[in-house]
Every structure is written in structure tokens, then in C-alpha cells.
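**Student:**
Numbering (the UniProt record's numbering), first residue to last: 1 to 579.
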């Protein structure tokens, strides 16, 4: 590591328990690399890393790379079925786990290696294999329409080109980058490689879902965080409640979903004075391929651009025949340059389809067809319009509804299923229409899905039907389903009107947050489209409007409107007695 030599005594990564200098990180990862080599790990092998987020995660990743292999970071919060699918799909030769981690992976036999980086001191081994730029570095997973997640192969050259890209704000050795992302998500590449490239310190902090329940401004100052990539969904929510939450930062990046103009206006009108950058890019193009420095968003602007291509990146807006469209017209965005990954693991046909030859570059390279519709403005900035296919973004994650349908369809009591997105902007959620046996309640099906899918892929509403409607062509009638969804949202069965002032207040609040009409006393917040981010906003609004402080966990435990209203009334009585 060049950085290890230049900043050997400086902190490289820290968590709540320990701090590793660049020299110590280099030493520990070299020791692990040597051990992996003795176990037969070699070039183009894959090693799955199933560790809690900590300094050991970074030791493990660097150790795998130094051994010449590619890492597969697996989030331990995923259901076991999803975790095992990622491990098998990646073809991992070895699975790194922490002490005691073997117990949940015994079915993988001798491929599981229990390890911790802080063991007995070992001498630094001789240098490992020379790893060429085109060697595989990591495997990332994204939703696949076949029902099996797609495994994206990124190479060393992709990560290096992104980490040192001159189109991004330059980090300093004095910076401290918050590591908040899911290790399986491509934002992790920014937090890791952009920080290491410039000698900054990575600080492992609680995930964003936990930070939402804290005083974020105070937490960032306490940890002396200066750089952060905040998921756009979370950023939109946080700034809406506290425009000064990120005021401690020197650089704030965001990406993963549509950035709201109101978020930008609120943030820039507050105490934040650093660089604010809107990133765009699919995992297949190494985290980001365009960027826009947000300095001002006028009151009449209804979109925030995704910006211009990063240094060395080429972007093409093409029609269905692969021809450039005139400026201002909509087309599918294609990306070329050093960030374009190798393709999909063991899926050559899909790779050829999504990574066609770049006819404009003249160097024999490939480009990536993003599936995103954009237009180029007169000032050269790109605007995101929407998806060209059925993929949707739910809480910042790309999801193929077809994959969710296939998982639901595997349930023995499900006869047919259609999954559609509902809502727009940062309120997009999945709704499943299912034809099931009468003995399968929606709540039971949802519990089953929670054991197989990440939470963002579990439909927020499951609507039983006698049959899936079809059109004159014998295909699923999407319009008829969308009308049924609208009708269901407007006239919930078993509607019980709010009984008192507190219930009416909650009903109005939920209707505003969820864009759902006629919310009654028996409605469940999560069943009608709520999620943890919106629950956080409910808590903040209760404090603001009612002067009542309800614990976040209490809100999650009382998701029926009538139950939460009772809790609010009890808290209000307690305040009056104290007064």
C-alpha cells in the first residue's frame, strides 16, 4: 500500500473498540494474506467475508486483495437464505468469519475459516503475489430479474480509477470518513477506497438507521466526522427534520435515489458550508460515474441534476438503436471508461447484453447500458428521468420486482403473484398482489418473506385477489392492478374512523406521510406503507406538534393507530402530572 508507507503512523480505521494505524493495518492484512495463500487462495478466487462491521472488516478485505483474490462482503443482517445464496452464487472458495461464526455456516464444511485480526503477533511475511490491474477485486450483488441476484465483478483498475478520480472532492489526510453503509452495498467502495487513497481515517459508526434515532449533528461532531456519503433517502428525511444535521461536515456526498430540490434548499439555507455533491452511478460502473456539486437550487427548480461525467468517464445518451439523441431529448444513459466493470459472474449472455462494445471509444473497451433514462440540458448537465425497464429503487436499493415475485411464488400456498411499485420519489414501496389459499394470512406470508429477503425487498402491503386480471392480449393487466391498488388505498376494508382528537391527529399525520387516504383507528403503520425512516418522522412530529417524547422502539412496538394514540395520551398525562 502506497498510503501505508506515506502515513504509517496515522490512524487508518477505527471503531468503538480499537484504532489501527496504516502501518498496523498493512501488517495485519499481510499476515492474513499469507495465511490465505497457505490455504490455497490464489488469483481470481473469491473469499466471502462474513464479519460484523469493525476494523477487522478492512483487515480482511485488504488481506484478500493482497492474496490476489476478490472479496465478497456479506452483510450479517441479511437473512440466512440470502446470505447463503450470495456465498454460493459467488463461488467463494473460503468464508471468513469471526470467533464462533462457524456455527451458523456448518453446512459449508471446511470452507469456513474462523479468524480475528488481533491474535498473536506474527512477523510480516514476504510480499505476496503481484496483482495486475485487470484482476478481479470484488463481487457486488444487485437484484436480478431471473430470481437470482446478479453478481457484478469489479476489477482493481475500476476501484483505483474511482478512488483517485479528480472529478470528486479531494480528501485530506486530516479527514475522518464516516463508514455507515451496508458492506454489501457499493457506497462502501466510496467510504473505503476514496479514504485510503488520500490517507484519511475511516471511522466505523452505527448504520444510518440507528443514527436516525440520535442527535445526528451532535454525533457527527462528537466523532469528529468531516466526510460522509449519506444515502439520498435518509438525507431527504434528515434535512427535512433538521437542516443543520450535517453542519459539521467538510464534504457531504449523497447518492442512491432522487435528491429532492427542497432538501438542497433547506440544507444550503442552514449552517452547512462544505461541499455538497450529488453522485450518480450503478454498481456496474463502480459506485459513481457522474457528479454534481450542489451550490444553489432555485425555488422554481423541480429536479436536481446528476451532473457531468467524472474524470475519464464517458457518458452517452442513446436511443433504442444505439444512436446519440439530440440535446434535450430523452434516451438511455450508457457509460464508458475505466469504471466499467468486467460484467456479471458466470452470465456471459447477460454481460454481452448489458456491457456491449463501446463504438465511440475506439479502444476496444466496453460500455454499460444503465437502463436509466436521462436528458442532457442546454448547460451540459444530465437530468435523471426514470428507469427504462421495470427496475425500481426502494430506499436507495435497486430492486427487480420479478425477483420478489419469484421468491413469493415459491411459497407453497401462493398460486400467483404480481409485484408493483407504489408511490413516487422517496416514498416508493412494493405492493404484492397474491392469489393464495384462504389459510394463508398476509401477515404470515410477510413473516415468511422476511426470512428470505432483505427488508427493503419485502412488500409493504400484500393484497389477496381471487385472480390476477388479464388484458385482451392475455397478459397481466397492469392498469387494472393499479386501479385496484388505488381503490384499496382509498377504501380500506374494515375502516374504523378515528374516535378522538389524538386518533384524528395521527390519522392526518399518517395520511400526509404515506399518501394514503382514509386511515382508520385499526390501521397498521407498516401494513399501509410505513417504514423505519417514516416512523422516525412520526416521532419527530409528535415532539414538535404535541410536545410528547415517545421512544422510537415504542413506536415500532405500537404500529396500530389506536394503540399509538393511547400511548401518546398516557405520555401527555404524565407530562401534566409532572407539571
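The beta carbon of each residue, even a glycine, is placed where N, CA and C say it ideally should be. This structure is a prediction, so every number in the text was calculated from the model and none was measured.
(1) Throw me the rounded Cβ distance for the residue 204 and residue 29 pair, which I believe falls under 8 angstroms.
(2) For residue 419, which of helix, strand or coil comes out of DSSP?
(3) Along the chain, where does the beta strand (DSSP E) that runs through residue 342 open and close?
(4) Below 6 angstroms CB to CB, which residues in the same chain sit around residue 138 once its five sequence neighbours on both sides are set aside?
(5) Would you please state the rounded distance, in angstroms, between the beta carbons of residue 171 and residue 189? I believe it to be under 8 angstroms.
(6) Measuring straight from C-alpha to C-alpha, what distance separates residue 26 and residue 224?
(7) Near residue 472, which residues of its chain fall below 6 angstroms by C-beta distance, leaving aside the five closest residues on each side in sequence?
(8) With a CB to CB cut of under 7 angstroms and the five nearest residues on each side skipped, what residues in its chain are close to residue 101?
(9) So the candidates are 248, 78, 534 and 152; which of them puts its Cα closest to the Cα of residue 228?
(10) Under a three-way DSSP split, which group does residue 587 fall into?
(11) Under the assumption that residue 529 contacts residue 423 (Cβ atoms under 8 angstroms), give the Cβ distance between them as a whole number of angstroms.
(12) Do residue 13 and residue 202 have their C-beta atoms within less than 8 angstroms of each other?
(13) For residue 276, which residues does DSSP report across the bridge?
(14) Residues in the same chain with beta-carbon distance under 6 angstroms from residue 297, minus the five sequence neighbours each way, listed in chain order, please.
(15) Closest to residue 218 by CA distance: which of 235, 441, 19 and 244 is it?
(16) If you drop the 5 nearest sequence neighbours on each side, which residues of the same chain put their C-beta closer than 7 angstroms to that of residue 474?
(17) What three-state label does DSSP hand residue 393 in the structure shown?
(18) Give the DSSP-derived three-state secondary structure of residue 430 in the structure shown.
(19) Is there contact between the stretch 391-404 and the stretch 350-365, where contact requires at least three CB pairs shorter than 8 angstroms?
(20) Less than 6 angstroms between C-beta atoms, sequence neighbours within five positions excluded: which residues of the same chain meet that for residue 242?
(21) In the DSSP assignment, the beta strand (DSSP E) including residue 384 goes from what residue to what residue?
(22) When the Cα of residue 116 is compared with those of 44, 127, 67 and 32, which residue comes out closest?
(23) Expressed to the nearest angstrom, what Euclidean distance is found between the alpha-carbon atoms of residue 6 and residue 414?
(24) Between which two residues does the alpha helix (DSSP H) holding residue 163 run?
(25) Quick check: the stretch 71-82 against the stretch 440-460, are there 3 or more CB pairs under 8 angstroms?
(26) Please tell me whether residue 568 and residue 538 are closer than 8 angstroms, where the distance is taken between their beta carbons.
**Tutor:** This is what the structure holds:
(1) About 16 angstroms separates the beta carbons of residue 204 and residue 29, which is beyond the 8 angstroms limit, so they are not a contact pair.
(2) Note: residue 419 maps to strand in three-state DSSP.
(3) Careful: residue 342 lies outside any beta strand (DSSP E) and carries neither H nor E.
(4) 70, 71 and 154
(5) Under the criterion of beta carbons closer than 8 angstroms, residue 171 and residue 189 do not qualify as touching, at roughly 14 angstroms.
(6) 24 angstroms
(7) Low confidence applies to residue 472: its pLDDT is 46, below 50, so where it sits in the model is not reliable, and the reading given next is rough at best. The answer is none, since no qualifying residue turns up.
(8) 50 and 114
(9) Among 248, 78, 534 and 152, the Cα nearest to that of residue 228 belongs to 248.
(10) Outside the modelled stretch of the chain, which goes from 1 to 579, sits residue 587, for which no answer is possible.
(11) By a beta-carbon distance limit of 8 angstroms, residue 529 contacts residue 423. Their separation comes to about 7 angstroms.
(12) yes
(13) Answer is 252, bridged to residue 276.
(14) Counting only Cβ-Cβ distances below 6 angstroms, and skipping sequence neighbours, we find 261, 264 and 265.
(15) 244
(16) Annotation note: pLDDT 43 at residue 474 (below 50); position unreliable, no value reported.
(17) strand
(18) strand
(19) no
(20) none
(21) 382-387
(22) 32
(23) 59 angstroms
(24) 156-163
(25) yes
(26) no
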